[in-house]
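**Student:** Let me give you the structure first, and then I'll get to my questions.
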Ligand SMILES: Cc1ncc(COP(=O)(O)O)c(C=O)c1O
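Residue numbers (the working numbering): 1 to 392.
And the structure:
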């Protein structure tokens, strides 16, 4: 007898949940619904869809898949990852405080410090891997703890179950950005987190051809509050990008497994390189979050590798500009490998003082490992060491 669909593996659910055969034509891929509005039978009596900001069948399909793979009661697809984080911040009101992880995407740093402040919110950054520091930094008006399942760019691993318990006991919402992890590695709702967010631009889409963001939650009341915010403010994902995300999800598990494998091999190779001072990869036993990552992520550690070379800002920039396969670009999580210098690129919006405080040094380099072969990527990095005057 067939298993009930709720027992299907993540890989199977990515392909089948939300992607039912089109009943009108038998098409195995549901059509993309571009309509902005939907004809009603009677005035004041609404059908399932009325206007595409409020709901669209192609967005529903994606949100159904997402809710299933995240283990949530509902999911929402936004026009970008930042729009999704902004929607979460709109759950708060003037006077409230956000406690955010210090290993944080630069865009989230900018949103909290330079946009949310206008709405009367305050933010402080704390090392989320240090539970005592989190407890000490909590204020009576703290209403949201915001972290990343794998921190950006230092790949720190916060203890999600412990933080979720602290947040719950303190009556604080706990949201995490799981962009670096993806649901293939970790499903935060299963560890007691209230809100999980992704930049769908990255692993969910997986092909560098869309910009999108997602939220998923396990509590129906929280889902309704977030849906209200999305519908009222309008930052929805367009139907074509929903379709691309849905298509990307079908290979998510396969991609992340292969990328994790290659990233692990590259991390080991970098570790042995004489011009590398430090490798930050959760799969390495020496990484401070290794044991935790093993427990939370089931033995895979993702496709992101950060390392520190023995070079100054200029040499590091030269290194990043000298690779051929690793393309110099922000973003991550796609089939093609990317390289960037956090100090001048993804984390340039941090103030210089905060960059120094949180270990975002001039020699730091972040790799997003794609689906090319390990050997080709390794040779590409070796070539860059030579070009930057840093050969072994
Ligand atoms: C970890 C992380 N969160 C959020 C975002 C923002 O997502 P988007 O660019 O889709 O708005 C990014 C973008 O790079 C990111 O890397």
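C-beta atoms are modelled at their ideal positions from N, C-alpha and C, and glycine is treated no differently. Treat the numbers as computed from the prediction; the structure is a model and nothing was measured.
1) Run the CB neighbour count on residue 1, radius 10 Å, all protein chains shown included, and call it buried at 16 or more, exposed below.
2) Please return the same chain residues whose Cβ sits closer than 6 Å to the Cβ of residue 52, not counting the five positions on each side in sequence.
3) According to the Cβ coordinates, are residue 332 and residue 368 closer than 8 Å?
4) Mapping the DSSP letters down to three states, classify residue 382 as helix, strand or coil.
5) Residues in its own chain within less than 7 Å of residue 240 by CB, not counting five upstream and five downstream?
6) Using a 10 Å radius around the Cβ and a threshold of 16 neighbouring Cβ atoms, would you call residue 88 buried or exposed?
7) For my contact list, residue 237 and residue 323 are in at a C-beta cut-off of 8 Å; report their separation, rounded to the angstrom.
8) Along the chain, where does the alpha helix (DSSP H) that runs through residue 179 open and close?
9) Any idea if residue 46 is buried or exposed, counting beta-carbon neighbours within 10 angstroms, 16 or more meaning buried?
10) First and last residue of the alpha helix (DSSP H) that includes residue 255?
11) When you compare the CB positions of residue 337 and residue 364, do they come within less than 8 Å of one another, or not?
12) Where does the unbroken alpha helix (DSSP H) through residue 131 begin, and where does it stop?
13) For residue 301, I'd like the list of residues in its chain whose CB is within less than 8 Å of its CB, leaving aside the five on either flank, ordered along the chain.
14) Classify residue 308: buried if its beta carbon has 16 or more other beta carbons within 10 angstroms, exposed otherwise.
15) To the nearest angstrom, report how far apart residue 137 and residue 170 are at their CA atoms.
16) Who sits around ligand 1, taking every residue whose Cβ is closer than 7 Å to one of its heavy atoms?
17) For residue 250, which residues of its own chain have a beta-carbon under 6 Å away from its beta-carbon, when the five flanking residues on both sides are left out?
18) Keeping to the same chain, check which residues put their C-beta closer than 6 Å to that of residue 18; ignore five residues upstream and five downstream.
19) Give the single residue among 146, 165, 234 whose Cα lies nearest to the Cα of residue 197.
**Tutor:** If we stick to the structure as given:
1) A caution first: residue 1 carries a pLDDT of 49, below 50, which makes its placement in the model too unreliable to give a value.
2) So the list reads 36, once near-sequence residues are dropped.
3) Cβ distance < 8 Å, so residue 332 and residue 368 count as in contact.
4) helix
5) Around residue 240: 32.
6) buried
7) Not really, about 32 Å apart at Cβ, beyond 8 Å.
8) Neither: residue 179 is in no alpha helix (DSSP H) and is coded neither H nor E.
9) With fewer than 16 Cβ atoms within 10 Å of its Cβ, residue 46 is classed as exposed.
10) 252-271
11) No.
12) It spans 131-137 - the alpha helix (DSSP H) in which residue 131 sits, taken as one unbroken run.
13) 185, 260, 263, 264, 281, 282, 283, 293
14) buried
15) 13 Å
16) 80, 81, 82, 83, 85, 105, 107, 108, 148, 152, 177, 179, 180, 199, 200, 201, 202, 211, 212, 213, 330, 331, 332, 346
17) 14, 15
18) 61, 64, 65
19) 146
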